[in-house]
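Novice:
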Amino acid sequence: MKTTAKGIDIERNVEIATEGLTMESYNMLDNRVTNKENALIICNYINSIRSEVNLSDNYRQDIIMLLSRFSIYFDNAILFKEITRGNILSYLDSKRKTQEADCLHRWIGTYNTYRMHLMRFFKWLYSPDIPPDNRPKPSIIQNIAQLKRKEKSIYKPTDLWIEEDDALFLKYCPNPRDKCYHAMARDSAARPIELLKLRIRDLVFRFTPDKKQYAEVLLNGKTGTRSIPLIDSIPYVKDWILHHPQSGNPNSIFLCGFGRSLNRMLQVTSLNTIYRNYKENYFPALLENPNVPPEDKQKIRELLKKKWNPYVRRHSSLTQLSTILKEHTLRQFAGWSPRSQMAERYLHYFGSESSNGILEARGLITKDNQLSTILRPKECPNCSESNKPDSRFCTKCRMVLTYDAYSETLEKEQAKDQQLDTMNQKYNELHSQIQVLSKNLFESGVLTKD
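Sequential numbering from 0 applies to the sequence shown in numbering that gives the first Met the number 0.
(1) If I follow the unbroken alpha helix (DSSP H) through Gly85, where does it start and stop?
(2) May I have the straight-line CA-CA distance separating Val435 from Lys415, to the nearest angstrom?
(3) Since Gly220 is in the beta strand (DSSP E), which residue starts that stretch and which ends it?
(4) Between the stretch 224 to 233 and the stretch 137 to 150, do at least 3 Cβ pairs fall closer than 8 Å?
(5) What alpha helix (DSSP H) runs, 4 residues minimum, are completely inside the stretch 227 to 284?
(6) Which of helix, strand or coil does DSSP assign to Arg31?
(7) Taking only three categories from DSSP, how would you classify Arg198?
(8) CA-CA distance, Asn37 and Phe121?
(9) With H, G and I counted as helix, E and B as strand and the rest as coil, what does DSSP make of Arg105?
(10) Assuming Tyr72 and Pro191 form a contact by the criterion Cβ under 8 Å, report the distance between their Cβ atoms to the nearest whole angstrom.
(11) Please return the same chain residues whose Cβ sits closer than 6 Å to the Cβ of Gly108, not counting the five positions on each side in sequence.
(12) Evaluate the contact criterion for the stretch 241 to 253 versus the stretch 269 to 283: three or more CB pairs, one atom per stretch, below 8 Å.
(13) Only counting the same chain, and skipping five residues up and downstream in sequence, which positions put a Cβ closer than 7 Å to that of Leu20?
(14) Looking only at its chain, what residues have a beta carbon closer than 7 Å to the beta carbon of Asn439, apart from the 5 residues adjacent to it on each side?
(15) What does a CB cutoff of less than 7 Å around Val203 pick up in its chain, not counting 5 residues either side in sequence?
(16) What does the Cβ neighbour count give for Lys178, buried or exposed, with the cut at 16 atoms within 10 Å?
(17) If Leu286 and Arg275 are in contact, beta carbons under 8 Å, what's the gap, nearest whole angstrom?
(18) For Tyr125 and Lys306, which I take to be in contact (beta-carbon distance under 8 Å), what is that distance rounded to the nearest angstrom?
(19) Of all the options Asn250, Asn271, Thr272, which has the alpha carbon lying nearest to the alpha carbon of Asn262?
(20) Let me check understanding here. Comparing Cα to Cα, which of Glu163, Arg313, Asn43, Asn427 lies closest to Ser152?
(21) Is the CB-CB distance between Ile63 and Ile45 below 8 Å?
(22) Report the start-end ranges of each alpha helix (DSSP H) in the stretch 109 to 192 that is 4 residues or longer and not cut off at the edges.
(23) Taking contact to mean at least 3 C-beta pairs separated by less than 8 Å, is the stretch 125 to 136 in contact with the stretch 159 to 175?
(24) Am I right that Asn324 and Ala342 are in contact with their C-beta atoms under 8 Å? What's the rounded C-beta distance?
(25) Would you kindly check if the distance between the Cβ of Arg11 and the Cβ of Ser67 is under 8 Å?
(26) Going by other Cβ atoms of all chains shown within 10 Å of its Cβ, with 16 needed for buried, is Glu429 buried or exposed?
(27) Would Leu218 pass as a contact of Leu270 if the rule is Cβ separation under 8 Å?
(28) Report the partner residues of Arg205 according to the DSSP bridge assignment.
(29) For the alpha helix (DSSP H) containing Gln297, list its first residue and its last residue.
(30) Which residue's Cα is closest to the Cα of Ser514: Ala166, Asn142, Asn43?
(31) Are the beta-carbon atoms belonging to Ser385 and Gln141 less than 8 Å from one another?
(32) Taking its Cβ as the centre, do 16 or more other Cβ atoms sit within 10 Å of Ser24, making it buried, or is it exposed?
(33) Roughly how many angstroms lie between the CA atoms of Asn288 and Leu169, to the nearest whole one?
(34) Tell me whether Thr224 sits in a helix, a strand or coil according to DSSP, three-state version.
(35) Closest by CA to Met183, which one among Leu39, Thr97, Phe253?
(36) If I measure Cβ to Cβ from Trp335 and keep anything under 6 Å in the same chain, skipping five residues before and after, which residues do I get?
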């Protein structure tokens with residue numbers, strides 16, 4: 000049993016603080032924060048703010064990881080109460096990057112996030128018994144300004160995925176669960192954690208009066224719950240349900256892990272690892288695959304230049320929708336509060352409106368602000384089932400959906416007919432040979448009618 004200098008059971012406190020979180024959080028606090036006084040303070044801080052706000056698991060884990068890294072940065076040698084202003088500035092400065100290393104200044108977002116958490120933590124540390132809104136700033140964190148950056152987004156237009164990119168990913172991705180997440184992320188523009196928290200019961204399939212199928216899904220995000228439709232991702236959702244290890248259990252996590260993580264919610268960090276593996280290993284290997292057409296290989300090379308992470312899925316989808324939906328509708332769909340400034344990151348983000356206007360005026364392109372149909376499900380004319388865009392046969396009734404499939408079906412039928420004709424011909428030839436042989440045997444006296 001690990002204890003502090005005062006004999007307090009630190010392991011029990013760590014278990015309580017990290018209950019329901021990943022083992023990474025537990026190990027970070029229990030093993031890597033070797034300064035047990037600091038570890039206990041982190042546990043006490045978590046328990047305190049739990050009673051002050053509705054603390055989500057994701058936010059709780061972020062706090063634990065951040066404060067643990069803060070202690071580790073100083074080799075666990077400095078007690079939190081002994082931290083100086085210089086220590087805090089030194090730690091924040093460690094998040095800075097040069098213009099060459101980070102031309103979009105993504106580091107500023109990291110810097111501001113750490114600054115915010117450290118501000119809240121040290122206000123609590125020095126005034127734990129004062130209500131949160133009234134806690135004064137201790138001198139060590141006063142006048143540490145939040146940094147501003149000119150860029151509205153950490154993503155460049157060339158980082159964002161277009162629907163042709165998604166179609167390429169879905170064509171070659173081997174995992175039905177990952178295909179499902181990828182398609183749902185485009186369809187819903189949801190935050191990664193909102194999709195990862197879904198259970199099977201949260202998806203409700205419905206039909207329009209003219210028998211078109213869609214699904215309603217209830218998302219639970221930062222601003223509460225919201226119901227959104229799933230349309231283009233329906234075939235991938237159904238395909239994953241067929242492969243789901245616990246598809247008969249409505250309470251099961253929908254996008255669950257495998258093996259020891261069965262029926263456990265995937266973490267966003269795990270999702271990042273999955274996409275990183277696709278970018279660094281799986282898709283580059285396709286470039287050496289002789290079965291992949293040259294035109295697809297070129298598309299894969301271009302796609303590998305883009306960002307591959309869960310959050311770029313949301314940015315890509317919302318940027319596309321910002322040219323279609325009115326702002327108040329976009330806010331509701333994205334789960335933004337009425338006062339949120341997030342819409343500014345997506346409205347006209349591509350910055351190509353003026354260029355497109357000139358091209359339209361010159362007649363080089365036509366005005367088209369409709370969503371692409373490249374990911375639109377292929378509806379079966381026989382049973383109205385939604386199928387993947389590249390489906391050749393209906394997954395439900397096996398109806399032919401493409402001309403190629405129709406031609407292939409005809410060829411198979413013709414091959415069967417030809418095979419049957421060949422068998423009949425051989426049978427007739429064999430029957431004739433048997434009759435001739437029997438006649439010869441009777442005539443030679445070898446066989447008799449008796």
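A virtual CB, placed ideally from N, CA and C, is assigned to each residue, including glycine.
Specialist: Result, derived from the coordinates:
(1) For the purposes of this step, residue 85 is taken as the residue at position 86 of the sequence shown. For Gly85, the enclosing alpha helix (DSSP H) starts and ends at 84 to 92.
(2) Taking the sequence shown and counting its residues from 1, one reaches residue 435 at position 436. Taking the sequence shown and counting its residues from 1, one reaches residue 415 at position 416. About 30 Å.
(3) Counting from 1 along the sequence shown, the entry for residue 220 is found at position 221. First-last of the beta strand (DSSP E) with Gly220: 212 to 220.
(4) In short, these stretches do not touch, since the Cβ pair count stays below three.
(5) Fully enclosed alpha helix (DSSP H) runs of 4 or longer: 233 to 242, 267 to 276.
(6) One-based indexing of the sequence shown puts residue 31 at position 32. Correct three-state label for Arg31: helix.
(7) Residue 198 sits at position 199 when you count from the first residue of the sequence shown. Three-state result, Arg198: strand.
(8) In the sequence shown, counting from the first residue as 1, residue 37 sits at position 38. In the sequence shown, counting from the first residue as 1, residue 121 sits at position 122. Cα to Cα, the separation comes out at about 13 Å.
(9) Residue mapping note: residue 105 aligns to position 106 of the sequence shown, counting from 1. Here Arg105 sits in helix by DSSP.
(10) Residue mapping note: residue 72 aligns to position 73 of the sequence shown, counting from 1. Residue mapping note: residue 191 aligns to position 192 of the sequence shown, counting from 1. The C-beta distance from Tyr72 to Pro191 rounds to 27 Å, too long to meet the 8 Å contact threshold.
(11) Sequence index remark: in the sequence shown, residue 108 carries index 109 (1-based). Same-chain partners within the cutoff: there are none.
(12) no
(13) Position 21 of the sequence shown, counting from 1, holds the residue named residue 20. Here the set comprises Asp56, Arg59, Gln60.
(14) The residue given as residue 439 occupies position 440 in the sequence shown. Short of 7 Å from the beta carbon of Asn439, and not among the five residues preceding or following it, lies no beta carbon of its own chain.
(15) Taking the first residue of the sequence shown as 1, we reach residue 203 at position 204. Here the set comprises Ala214, Glu215.
(16) For this step, residue 178 is matched to residue 179 along the sequence shown. Lys178 is classed as buried because its beta carbon has at least 16 other beta carbons within 10 Å across all chains shown.
(17) As a first step, residue 286 must be located in the sequence shown, where it is residue number 287. As a first step, residue 275 must be located in the sequence shown, where it is residue number 276. About 17 Å separates the two Cβ atoms, so there is no contact after all.
(18) Residue 125 sits at position 126 when you count from the first residue of the sequence shown. Residue 306 sits at position 307 when you count from the first residue of the sequence shown. The C-beta separation of Tyr125 from Lys306 comes to about 40 Å, leaving the pair out of contact by the 8 Å criterion.
(19) On the sequence shown, residue 262 is found 263 positions in, with the first residue counted as 1. Ranking Asn250, Asn271, Thr272 by Cα distance to Asn262 puts Asn250 first.
(20) Here residue 152 is taken as the residue at index 153 of the sequence shown, counted from 1. The shortest Cα separation from Ser152 among Glu163, Arg313, Asn43, Asn427 belongs to Arg313.
(21) For the purposes of this step, residue 63 is taken as the residue at position 64 of the sequence shown. For the purposes of this step, residue 45 is taken as the residue at position 46 of the sequence shown. In this structure, Ile45 lies closer than 8 Å to Ile63 by Cβ.
(22) Entirely contained in the stretch 109 to 192, the alpha helix (DSSP H) runs reaching 4 residues are, in chain order, 162 to 171, 175 to 187.
(23) Segments in contact, no.
(24) Within the sequence shown, numbered from 1, the residue matching residue 324 stands at position 325. Within the sequence shown, numbered from 1, the residue matching residue 342 stands at position 343. According to the sequence provided, residue 324 is Leu. The question's Asn does not apply to it. 10 Å between Cβ atoms; not a contact.
(25) Your numbering for residue 67 matches position 68 in the sequence shown. Your numbering for residue 11 matches position 12 in the sequence shown. At a Cβ-Cβ threshold of 8 Å, Ser67 and Arg11 do not count as neighbours.
(26) In the sequence shown, the residue the question calls residue 429 occupies position 430. For clarity, residue 429 is Leu in the given sequence; the question names Glu instead. Leu429 comes out exposed.
(27) By one-based count along the sequence shown, residue 218 stands at place 219. By one-based count along the sequence shown, residue 270 stands at place 271. No. Outside cutoff.
(28) Looking up residue 205 in the sequence shown gives position 206. Beta-bridge pairing by DSSP links Arg205 to Tyr213.
(29) Looking up residue 297 in the sequence shown gives position 298. Run containing Gln297: 293 to 302, per the alpha helix (DSSP H) assignment.
(30) Since the first and last residues shown for the chain are 0 and 449, residue 514 lies out of range.
(31) The residue labelled residue 385 in the question sits at position 386 within the sequence shown. The residue labelled residue 141 in the question sits at position 142 within the sequence shown. The answer is no: Cβ separation not under 8 Å.
(32) Here residue 24 refers to the residue found at position 25 when the sequence shown is read from its first residue. A residue is called buried when at least 16 other Cβ atoms come within 10 angstroms of its Cβ; Ser24 meets this threshold and is buried.
(33) Within the sequence shown, the letter at position 289 stands for residue 288. Within the sequence shown, the letter at position 170 stands for residue 169. Going from the Cα of Asn288 to the Cα of Leu169 covers about 17 Å.
(34) Along the sequence shown, one-based indexing puts residue 224 at 225. If DSSP states are grouped into helix, strand and coil, Thr224 belongs with the strands.
(35) Along the sequence shown, one-based indexing puts residue 183 at 184. Cα-wise, what sits closest to Met183 is Phe253.
(36) Here residue 335 is taken as the residue at index 336 of the sequence shown, counted from 1. The answer, listed in chain order, is Met341.
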